[in-house]
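S.K.:
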Amino acid sequence: MTTTLTSLPLEALSLICEYIAISHKPSIYAFSESTKSCHAASRSARFRRVRIRVKTRRGLDHDIREWYIILLRNSAFGCVQHLTIEGRLALFWEDGETASSLPAKLLDNLLTEYRHEDEFTRPGTFYDHILRGPFYHIGVQEDQDEDAWAPMAKLLAKLTGLRDLVYACERRFPERLFEVLQLQNPQCKLHIRAFDPPCLAKEETEGEDEEWVEDEDDGDEDEDEDDVVSKYEYALVTSPALSTVIVPVAHDDIYRCSNEEAARLMARGLAPNLKQVHVVDSGPGFKYRPINRDMFKQGLLSRKEVSQDIREKNLGLGELEGLSLDPGNLTRFDLWKETVDFSHLRSLQLWRVHLDTLEMATACDFRSLSTLVLGLFPRRRNPSQAHLSDQAAGAFIASLRPLESIHLTGPFFQESFSAVLSNHGSSLRKLSLYPTETSRIPPIDQFLITSTEIRQIRQQCPNVYDLRLQIERTLGDHKEQDIYRALGELPGLRHLSLQLEVWNAVDLGAMDKAALRQPCYAEHIFINIALDAELALEIFNLIASNSRIETLELMSGTEYLLAMKTTM
1 MTTTLTSLPL
11 EALSLICEYI
21 AISHKPSIYA
31 FSESTKSCHA
41 ASRSARFRRV
51 RIRVKTRRGL
61 DHDIREWYII
71 LLRNSAFGCV
81 QHLTIEGRLA
91 LFWEDGETAS
101 SLPAKLLDNL
111 LTEYRHEDEF
121 TRPGTFYDHI
131 LRGPFYHIGV
141 QEDQDEDAWA
151 PMAKLLAKLT
161 GLRDLVYACE
171 RRFPERLFEV
181 LQLQNPQCKL
191 HIRAFDPPCL
201 AKEETEGEDE
211 EWVEDEDDGD
221 EDEDEDDVVS
231 KYEYALVTSP
241 ALSTVIVPVA
251 HDDIYRCSNE
261 EAARLMARGL
271 APNLKQVHVV
281 DSGPGFKYRP
291 INRDMFKQGL
301 LSRKEVSQDI
311 REKNLGLGEL
321 EGLSLDPGNL
331 TRFDLWKETV
341 DFSHLRSLQL
351 WRVHLDTLEM
361 ATACDFRSLS
371 TLVLGLFPRR
381 RNPSQAHLSD
391 QAAGAFIASL
401 RPLESIHLTG
411 PFFQESFSAV
421 LSNHGSSLRK
431 LSLYPTETSR
441 IPPIDQFLIT
451 STEIRQIRQQ
461 CPNVYDLRLQ
471 IERTLGDHKE
481 QDIYRALGEL
491 PGLRHLSLQL
501 EVWNAVDLGA
511 MDKAALRQPC
521 YAEHIFINIA
531 LDAELALEIF
541 NLIASNSRIE
551 TLELMSGTEY
561 LLAMKTTM
């Protein structure tokens with residue numbers, strides 16, 4: 001008897017759907033249209049992840065109604081496991097006068113989905129549109145109308161199988177949604193990508209008691225906002241649901257200068273199930289929009305009550321699984337070393353990290369670490385400082401137990417590269433190398449990924465299936481083609497991402513400004529940056545001729561030029 005899709009049992013079809021959804025998600029929709037049984041079997045895979053883009057209240061209501069109908073029609077409410085809410089609820093845009101003063105396509109353009117965003121390799125791009133705009137630059141005031149989130153709360157209550165809720169909006173997490181999570185989805189993990197915790201009680205010095213001086217007119221109902229904390233905000237920072245937070249820090253801004261202190265308290269156990277903390281500086285001189293906190297009298301805790309509650313919890317060293325510091329300077333690293341037990345960390349990201357931080361990190365215990373991200377950032381942009389930083393990075397990498405994932409960026413050289421391969425090559429599954437990113441080292445001193453380095457990766461990293469490299473385009477000559485052929489020799493490679501460097505098309509040696517004005521320099525750059533479907537297919541064919549590669553992503557240009565992505 002011939003086996004067909006119609007004859008396979010539902011359990012077998014479900015297994016096929018799981019495989020298809022992992023390898024190529026769009027194919028699952030085509031598979032679901034094959035037969036009625038395939039449609040039923042694919043339901044879980046099709047509705048596992050739902051993303052809702054928030055722009056206006058009217059648009060949010062419409063999108064939620066549509067999702068409600070779709071999920072109801074497919075009996076799929078229980079299939080949704082991962083819900084992402086992103087954007088910003090900008091009610092004022094529904095006002096005709098205000099809307100007419102904005103460009104026609106502003107709403108669409110502001111929330112354009114950047115397909116090349118990746119938390120592992122490009123956190124700046126990943127976080128910036130949430131933490132620092134685009135809405136900030138328009139000067140929008142916060143709107144705390146909880147009624148606007150009522151339809152979302154109703155939908156959330158129906159998602160009984162929800163495991164993860166990712167909230168990536170500028171404004172605070174709505175109280176209505178928090179109440180639903182507590183009552184209807186207590187098992188759901190909450191991940192907030194722009195989290196402004198309230199200013200919590202300062203930690204006391206050992207052996208000291210905190211003195212509280214009350215004013216004679218304590219009965220006056222007027223309380224200074226600095227002396228109280230919103231009950232809801234304190235419930236949120238202490239919630240067992242909270243799993244991941246991205247915390248913006250601005251030491252020159254009175255509204256966010258205490259955020260890191262609060263994040264450290266949360267990491268020490270104030271948020272009992274917190275696993276991932278990302279601390280991101282806004283950069284000097286950036287002024288955040290004031291945060292309105294809805295300080296209603298019936299929803300306030302005194303600073304004394306908060307301090308007492310924190311003291312009673314007897315917080316110790318935190319046991320995070322992931323920590324990301326940007327920048328990873330010595331002062332910040334030392335503070336977090338006293339906050340978190342590094343031996344429990346599985347993921348460590350140090351962005352814009354300096355030499356002294358790397359030296360301190362080498363002496364720390366990272367026995368559980370499996371993922372490392374280093375963004376090297378020498379204090380002085382010159383070759384000698386860059387090489388010292390490279391040596392420190394190499395020593396730190398060599399001090400770690402075998403890792404599964406490494407991302408290395410910034411001005412690094414042979415020492416770091418060799419440390420990655422010799423100490424972690426046999427265990428690596430994901431490797432990302434961007435040697436010239438954020439660097440202005442003269443071309444004669446830059447470390448380049450050539451076919452030689454790729455063949456070293458092949459020899460020492462037999463298990464790598466996800467590889468991300470920055471390579472130099474050289475007008476498609478034999479050197480560039482040899483790079484693509486070498487990539488095709490990697491036996492386990494399935495996913496490849498290439499950032500094509502275009503600036504070094506002409507061998508100029510030291511950066512001579514006169515040479516930069518040569519007509520051929522600009523001409524070669526424009527040749528190198530030209531990337532269309534035909535060229536992408538040629539590159540893919542060169543790599544895939546002797547490879548089982550499944551996806552190829554090509555990025556052309558740098559931050560100053562356009563970025564393109566091609567998935568084969």
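With the first letter of the sequence shown counted as 1, position 43 gets the number 43 in our numbering; the numbers rise by one all the way through. We put the CB at the ideal spot given by N, CA and C, even for glycine.
Could you tell me whether the Cβ atoms of Leu369 and Leu400 are closer together than 8 Å?
M.R.: yes
S.K.: Exposed or buried, what is Leu355 when buried is set at 16 or more other beta-carbons lying within 10 Å of its beta-carbon?
M.R.: Taking all protein chains shown into account, Leu355 has 16 or more neighbouring C-beta atoms within 10 Å of its C-beta and is therefore buried.
S.K.: Apply the 10 Å Cβ neighbour rule to Ile22 and answer buried if 16 or more other Cβ atoms are within range, or exposed otherwise.
M.R.: exposed
S.K.: Just to confirm the assignment, what range does the alpha helix (DSSP H) spanning Ala544 have?
M.R.: 533 to 544
S.K.: CB Arg303 to CB Val228, shorter than 8 Å?
M.R.: yes
S.K.: Closest to Glu319 by CA distance: which of Thr357, Asp334, Gln276 is it?
M.R.: Gln276
S.K.: I'd like the span of the alpha helix (DSSP H) that includes Met152, first residue to last.
M.R.: 150 to 158
S.K.: Using only alpha-carbon positions, find the residue among Leu323, Ser243, Asp63 that is nearest to Gln187.
M.R.: Ser243
S.K.: By DSSP's criteria, Ala168 is part of a beta bridge. Which residues make up the other side?
M.R.: Glu86
S.K.: Spell out whether any CB of chain B is found under 8 Å from the CB atom of Ile70.
M.R.: In the structure shown, chain B does not exist; there is a single protein chain.
S.K.: If you compare alpha carbons, which of Asp147, Lys158, Met266 is closest to Cys199?
M.R.: Met266
S.K.: Does Thr452 come out as helix, strand or coil in the three-state DSSP assignment?
M.R.: helix
S.K.: Using the beta-carbon count (16 or more within 10 Å), is Leu183 buried or exposed?
M.R.: exposed
S.K.: Below 8 Å on the Cβ atoms is my contact criterion, and I expect Phe47 with Ala76 to pass it. Report the Cβ-Cβ distance as a whole number of Å.
M.R.: At roughly 4 Å, the Cβ-Cβ gap stays under 8 Å, so Phe47 and Ala76 are in contact.
S.K.: Determine the direct distance from the alpha carbon of Ala419 to that of Pro378, and round the result to whole angstroms.
M.R.: 19 Å
S.K.: So, for Arg163: in the same chain, excluding its five sequence neighbours on each side, which residues have a beta-carbon less than 8 Å away from its beta-carbon?
M.R.: Gln81, His82, Gln187, Cys188, Lys189
S.K.: In chain order, what residues of the same chain lie with their CB nearer than 8 Å to the CB of Leu570, ignoring the 5 residues before and after it?
M.R.: An answer regarding residue 570 cannot be provided, because it is not within the stretch 1 to 568 covered by the chain.
S.K.: Within the continuous beta strand (DSSP E) that includes Ser324, where are the two ends?
M.R.: 322 to 326
S.K.: Would you report the Cα separation of Ser27 and Ile20, rounded to the nearest angstrom?
M.R.: 7 Å
S.K.: Can you tell me which of Glu260, Glu321, Ile525 puts its alpha carbon nearest to the alpha carbon of Pro272?
M.R.: Glu321
S.K.: Compare the beta carbon distance of Leu350 and Val373 with 8 Å and say whether it is the shorter of the two.
M.R.: yes
S.K.: What does the Cβ neighbour count give for Leu421, buried or exposed, with the cut at 16 atoms within 10 Å?
M.R.: buried
S.K.: What do you get for Ala361, buried or exposed, if any count of 16 or more other CB atoms within 10 angstroms of its CB means buried?
M.R.: With 16 or more Cβ atoms within 10 Å of its Cβ, Ala361 is classed as buried.
S.K.: Tell me the DSSP bridge mates of Thr371?
M.R.: Ser347, Ser405
S.K.: Does the separation of the CB atoms of Ser427 and Glu404 fall below 8 Å?
M.R.: yes
S.K.: Does DSSP classify Gln184 as helix, strand or coil?
M.R.: helix
S.K.: Tyr167 to Ala393, Cα distance in whole Å?
M.R.: Going by the C-alpha atoms only, they are around 34 Å apart.
S.K.: On the criterion of 16 or more Cβ atoms from any shown chain inside 10 Å, does Gln499 qualify as buried, or is it exposed?
M.R.: buried
S.K.: When DSSP labels each residue in this structure, what does Glu472 get in the three-state scheme?
M.R.: strand
S.K.: Quick check on DSSP: helix, strand or coil for Thr570?
M.R.: Since the first residue of the chain shown is 1 and the last is 568, residue 570 is not available in this structure.
S.K.: CB-CB under 8 Å to Ser384, same chain, minus the five flanking residues each way: which ones, in chain order?
M.R.: none
S.K.: Return the residue from the list Gly476, Ser324, Leu15 that minimises the CA-CA distance to His407.
M.R.: Ser324
S.K.: On the DSSP bridge list, what partners appear for Glu501?
M.R.: Glu472
S.K.: Keeping to the same chain, check which residues put their C-beta closer than 6 Å to that of Ser556; ignore five residues upstream and five downstream.
M.R.: Leu500, Ile529, Leu531, Met564
S.K.: Quick check on Cys257: buried or exposed, where buried means 16 or more other Cβ atoms within 10 Å of its Cβ?
M.R.: Per the 10 Å Cβ criterion, exposed.
S.K.: Sorted by chain position, which residues of the same chain lie with C-beta nearer than 7 Å to Arg485's C-beta, five sequence neighbours on each side aside?
M.R.: Leu542
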